[in-house]
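Number 126 in UniProt numbering belongs to position 126 of the sequence shown; there are no gaps in the numbering.
Notes for the one structure printed next.
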Amino acid sequence: MFKYRNEIIQLLTKWKTHIIILIAVVLLFIVILMLMKNNEPSEYMTTSNANNSQFNNNEKYNKNKNDNNLSTSSKENSTIYVDVKGAVKLPDVYEMKKNDRVKDVLKKAKVSENADITKINLSEKLTDQKMIYIPNKNETKINATPTNQSDLNTSESIKVNLNTANERELLNVPGIGPTKVKEIIKYREEKGQFNKVEDLKQVRGIGGKTFEKLKDYFTT
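Below, the structure written as structure tokens:
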């Protein structure tokens, strides 16, 4: 028995160095496994944080983009353009706000000294593409609006101003129907005003014969 014991001791003594190295390798392997296991949550958290950061940045970008779009859309919806002509110092197309009134745009256009604004509704709300014509004091005023055709025929002193008459007043003129009224208003919007009654012949649908029948009913 002692013989085997001595042999075992001699064997352990001989392989002592190898055994120590083997144990060290095993321990090192165990340590490496533990470190790798501990690093996995950290890497996951890093990836997760990176993804969250990217998501937050994208969300912030989209929010800013939407805010800018809403701001631009709101501005476009609240902006209108109004054309001012006639007896003003600065006739032009003005950019105005949706809730502005006629008096607001006339402050920019600066009404001239000979302007007649007695027929102008200064409190009227502006609308997009509206044309405002300011007559001067030298233009013939319409003192009354004829109620029927016979009144218009018998009232030689009352003439319809081509530059200031509204659709209803134009329709009261004999020989003027809805189509011609639209063409007269269209000419006024495009050209600004009638300089003389003869300009009526430039309106689409009004030839020489028609003009001869209508000329006595109009003035500029």
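For each residue, glycine too, the CB sits at the ideal point set by N, CA and C.
No experiment lies behind these values; they were computed from the predicted model shown.
For residue i, does the count of other Cβ atoms within 10 angstroms reach 16, so buried, or fall short, so exposed?
{"i": "Gly205", "result": "exposed"}
{"i": "Lys85", "result": "buried"}
{"i": "Val26", "result": "exposed"}
{"i": "Thr219", "result": "buried"}
{"i": "Pro178", "result": "exposed"}
{"i": "Val88", "result": "buried"}
{"i": "Lys37", "result": "exposed"}
{"i": "Ile23", "result": "exposed"}
{"i": "Lys209", "result": "exposed"}
{"i": "Ile19", "result": "exposed"}
{"i": "Leu33", "result": "exposed"}
{"i": "Ile21", "result": "exposed"}
Tell me, which residues are paired with residue i by DSSP?
{"i": "Thr79", "result": "Lys97"}
{"i": "Met131", "result": "Asp83"}
{"i": "Ala115", "result": "Asn136"}
{"i": "Phe218", "result": "Val160"}
{"i": "residue 221", "result": "In the structure as shown, the chain starts at 1 and stops at 220, and residue 221 therefore has no counterpart that could be examined."}
{"i": "Lys125", "result": "Arg101"}
Excluding five sequence neighbours on each side, which residues of the same chain lie with their C-beta closer than 8 Å to the C-beta of residue i?
{"i": "Arg188", "result": "Met131, Tyr133, Leu162, Asn163, Phe194"}
{"i": "Val105", "result": "Val82, Val84, Tyr94, Met96, Leu126, Ile132"}
{"i": "Leu35", "result": "none"}
For residue i and residue j, which I take to be in contact (beta-carbon distance under 8 Å), what is that distance rounded to the nearest angstrom?
{"i": "Val203", "j": "Lys215", "result": "Not confirmed; about 12 Å, so no contact."}
CB-CB under 6 Å to residue i, same chain, minus the five flanking residues each way: which ones, in chain order?
{"i": "Val102", "result": "Leu122, Glu124"}
{"i": "Glu167", "result": "Val181"}
If I measure Cβ to Cβ from residue i and keep anything under 7 Å in the same chain, skipping five residues before and after, which residues do I get?
{"i": "Ile80", "result": "Met96, Lys98, Leu126, Thr127, Asp128"}
For this session: Flag this pair as touching only if the region 171-188 and the region 104-116 have three or more C-beta atom pairs under 8 Å; answer yes or no.
Result: Judged by pairs of C-beta atoms under 8 Å, the region 171-188 does not touch the region 104-116, as fewer than three such pairs exist.
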